[in-house]
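**Q**
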Ligand SMILES: Cc1ncc(COP(=O)(O)O)c(C=O)c1O
Ligand SMILES: Cc1ncc(COP(=O)(O)O)c(C=O)c1O
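Chains as they are written, first to last, in my numbering: chain A, 1 to 125; chain B, 1001 to 1125; chain C, 2001 to 2392; chain D, 3001 to 3392.
Below is the structure:
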């Protein structure tokens, strides 16, 4: 069995910010059903480029859910500039660590965030 | 551990007819210290060619002792003609069986008997 | 925590609880009967007799084969490695092997290794969408230089039973010189395993799958076949397997084999009914659900259920939080990230593939446990469906 | 029957009684803690933690090596087969091996097999009349293509200790690319076994020789060395040894290793005194007697005594009738008819060779037992001397 930290367990048991934001102004998606990992991130970003809401939908394992959950927690209230500083390491640290086989979940979270912000700038254009 | 019958056990525990016959008129010896098996058989044969006494000395394992012991038991009172009919099979049967790795002990008993009788005829000549 | 405050153990294909009777039979050998069976004293000699008895018990449970056809090992993985390597070593000139795509890793990974490192050509026979073996494919694959066919009797993940005797006959008809090794780890104790007809050449079982402890297994090897040892050393097991005997384990497995035969009917009536109730309940209560292998013969205790777009590990973790033990395939692949090679071979769609759970019931399960799992599963799946980007 | 009406067990080199503390530590894993450590539920996950703890205990007992350097096996015979085959497989071009003439069959027979079937050239280093290794012979034997030296630390039959660290240094000085495998089965628990200096590359131990149950062993393998599995299959032991783990055995051995370190002083004081009393008593009371290896360093529990012109098996049988357990060499050769290869290598004369008895004492022996054996031995030997054609 994976050696998940209590924080990971708390987050896959009771993930925060699950669902869609219907009026999101940034949406990102990454992964594929074939590989068994799909992350979808929705952000609501205000005129001051502050993230006022974040939600996710994830098809994946416990650590994928937990990583997604803490990502949204970290994002809410942050400026885009600060959000860009989030790395997969930030997520791992927040979770108190991940089994090495599960590091890729945090990487996917970083990627879905990048996708999301790319989508935000594209929409703004 | 070897699967010795109760008869084998009885005979290595309390071997019959151990020792030398000082006035034996037939002596046989077989085996070598190198191989760890030496059997020495002494017979006293009367003028009617009846074996009146038999004794043995054996350097060997439990089944060698038991085989020697029952050989002497069988021999005492037998005529030479009857003694010649003893085979290693006779000894094995008398013992209620021997482990297959120990069959050679009974063969050596047969051989020492042959040696002994040869010695008897040589002496008579 | 589930209301019973104890484990609901539906993971009997991973390992089983040692039977209390088995424990009491083995305990003396952990305690006062600690002699070495090879020793030249009665204290050890007695232990050798107990090993002999256990060997007879196993031989009897396998359909009255000869005790000398049973070699004790430390697990079925050792049995299969020993069997396969022995056959190959005895016949070095033949280089073609056959197995199935759905074998346990202890055969599959061994064959892949032989292919990669030892110049063997391996044919991996496929299965249909129910997990049933493609016999025609097998038939055409057997060739002059096919030295060995290795095939499981029942699949650990789906419970699907292969028609092993028919397979054996096909092999021998096509090539009487091809050896037939059967992995019966998941069959023994669940369906009758009778080797008296001589169709099977070598066969492996593992004690801990039928209520003996972990760390003991056996290999059946037909008495005409010379076994070349994998562990070379002392003369134990008639020089076929070196190493001081796991006496307690051997004695335990002997008794457990006897019990397995005794409980075979319970397994095929009561346990089967529990399994059927569980899977029918789940399929009727939870939409987007699929039972893998339901269309063919299966062992009575196993059900493999796929939930569309829900990830299996996540289901297991939620079940575990409620003290319910289940599995997503074989226990020894659960640490890997790949989806089940068995379901993949069956062509299970990706949307279902990653969401597969195995419940494997057994001797100690009861209806209350099934009812509780049936009550809780819809709640778990509903909760997880909300997280999934593809559901609702 | 001896007056104690119980076994006097002087055969601890053959196997030992499982320590009561060890039994109570392992019992839960035969009972309620039956989960599979690879399972994806807490019930199994907990068990994985207990295995981790046992691995740490073994690592600590071997001188604080890394837990990842410990691989669990089913016995030392498996450990040595695995170690040797792995090294050879990783270095197929080198074809020269070195071992000693006095190894346990699990090394000796393996090397003979490699010589006969796999084209290896093997040098068997001899010993002197005390059983001590000929280091000069070793030194000149190590060549450019010597891939492995396998050597025991303490001899199971005589207890003779080889200067293993010195041997390791000789090897590495002559050829730093030669691997060094040590059979520490009879050393561990009797003398300090500290691997922290990195001199030894691979090392085997067997649980049942230090009061854990039979059926569990370990291999130490230095972390720089890749282990190629002997049992291929599931991912257990980091894919280094397939097969569901013998959890109870592993946990037991972990605890037993801790105890072995704790009892090391008892072994070297109390047990040594018992052994010394026994052998001095026998040698002074019984003529035509010889202690094999007394002139060199030996483990504290073992004495190997030869009685001239008295056959060893016969002595053992008479001892067994009195419930006294001893041995004529290694337990796993006792069913064979050949005299000890160890004593033969030492040049023990034939008149003594066939009359050798090993008494190996241990944790649970006491002085009363020694006194009784000292009382009874002269009677037995006297009785048997009367049967021998060469005595008196
Ligand atoms: C079908 C099958 N074969 C072989 C094995 C291997 O058994 P073990 O892990 O006891 O070696 C298992 C169980 O893990 C199995 O389910
Ligand atoms: C020195 C030595 N090496 C190896 C072994 C083999 O141990 P096992 O029989 O537990 O495999 C033994 C004991 O039999 C031994 O005494």
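Note that CB positions come from ideal geometry on N, CA and C, so glycine has one too.
1. Of all the residues that make up the segment 3038-3054 of chain D, which are near chain C by a beta-carbon distance shorter than 9 Å?
2. Verify the CB distance criterion: does residue 2006 of chain C have a CB-CB separation below 7 Å to chain D?
3. The beta strand (DSSP E) with residue 3096 of chain D in it runs from where to where?
4. Using 6 Å as the cut-off, classify the Cβ of residue 3327 of chain D as near or not near the heavy atoms of ligand 2, replying yes or no.
5. Let's see if you can read the secondary structure: which residues bound the beta strand (DSSP E) around residue 1028 of chain B?
6. If I follow the unbroken beta strand (DSSP E) through residue 3146 of chain D, where does it start and stop?
7. Here's the rule: buried if 16 or more other CB atoms are within 10 angstroms of the residue's CB, otherwise exposed. What is residue 2366 of chain C?
8. If you draw a straight line from the alpha carbon of residue 2199 of chain C to that of residue 2241 of chain C, how long is it in whole angstroms?
9. Measuring CA to CA, which of C:2082, C:2270, C:2341 and C:2223 is closest to residue 2353 of chain C?
10. Thinking C-alpha only, which one of C:2382, C:2077 and C:2146 is nearest residue 3232 of chain D?
11. With 16 as the cutoff for other CB atoms within 10 Å, does residue 2066 of chain C come out buried or exposed?
12. Can you tell me whether DSSP reads residue 3288 of chain D as helix, strand or coil?
13. Skipping 5 residues on each side, what residues in its chain have a beta carbon closer than 7 Å to that of residue 2107 of chain C?
14. With DSSP collapsed to three states, give me the class of residue 2138 of chain C.
15. Using a Cβ-Cβ distance cut-off of 7 Å, determine whether residue 1 of chain A contacts chain D.
16. Could you give the distance in angstroms between the alpha-carbon of residue 2264 of chain C and the alpha-carbon of residue 2190 of chain C?
17. Taking only the alpha-carbon atoms, compute the straight-line gap between residue 2096 of chain C and residue 32 of chain A and give it to the nearest angstrom.
18. In the DSSP assignment, what residue or residues form a beta bridge with residue 1132 of chain B?
19. Return the chain-ordered ranges of every beta strand (DSSP E) run that is complete within the segment 2299-2385 of chain C and spans a minimum of 3 residues.
20. Looking at residue 54 of chain A: is its Cβ nearer than 7 Å to the Cβ of residue 14 of chain A?
21. Please classify residue 62 of chain A: is it buried, with 16 or more other beta-carbons within 10 angstroms of its beta-carbon, or exposed?
22. Pull up the CB-CB distance for residue 2207 of chain C and residue 2302 of chain C, whole angstroms please, since I reckon it's below 8 Å.
23. Would DSSP call residue 2216 of chain C helix, strand or coil?
24. Between residue 2035 of chain C and residue 2046 of chain C, how many whole angstroms is the CB-CB distance? I'm expecting something under 8 Å.
25. Taking all protein chains shown into account, decide if residue 2300 of chain C is buried (16 or more other Cβ within 10 angstroms of its Cβ) or exposed.
26. Comparing the C-beta of residue 3208 of chain D with each C-beta of chain B, is any distance below 7 Å?
27. From residue 2288 of chain C to residue 2307 of chain C, what does the alpha carbon distance come to, in whole angstroms?
28. Which residues does DSSP pair with residue 3124 of chain D in a beta bridge?
29. Using CA coordinates, which residue listed in C:2261, C:2305 and C:2309 is at the minimum distance from residue 2276 of chain C?
30. Return yes when at least one heavy atom of ligand 1 lies under 6 Å from the C-beta of residue 2106 of chain C, else no.
31. Please confirm if the segment 1026-1044 of chain B is in contact with the segment 2007-2020 of chain C, defined as three or more CB-CB distances below 8 Å between the two stretches.
32. Quick check on the DSSP output: what are the complete alpha helix (DSSP H) runs of length 4 or more inside the segment 3236-3299 of chain D, in order along the chain?
33. Under three-state DSSP, which class holds residue 2043 of chain C?
34. Looking only at its chain, what residues have a beta carbon closer than 6 Å to the beta carbon of residue 3279 of chain D, apart from the 5 residues adjacent to it on each side?
35. Measure the alpha-carbon distance for residue 3391 of chain D versus residue 1105 of chain B and round it to whole angstroms.
36. Whole angstroms are fine: how far does the CA of residue 2038 of chain C sit from the CA of residue 2234 of chain C?
**A** Put simply:
1. 3038, 3039, 3040, 3041, 3042, 3043, 3044 and 3045
2. no
3. 3096-3100
4. no
5. 1026-1032
6. 3146-3152
7. exposed
8. 24 Å
9. C:2341
10. C:2077
11. exposed
12. coil
13. 2080, 2099, 2150 and 2183
14. helix
15. yes
16. 6 Å
17. 38 Å
18. Here chain B has residues from 1001 to 1125 only, and residue 1132 of chain B is not among them.
19. 2302-2307 and 2356-2360
20. no
21. buried
22. Not confirmed; about 19 Å, so no contact.
23. coil
24. 7 Å
25. buried
26. no
27. 6 Å
28. D:3099
29. C:2305
30. yes
31. no
32. 3236-3239, 3247-3262 and 3272-3285
33. helix
34. 3291 and 3303
35. 21 Å
36. 10 Å
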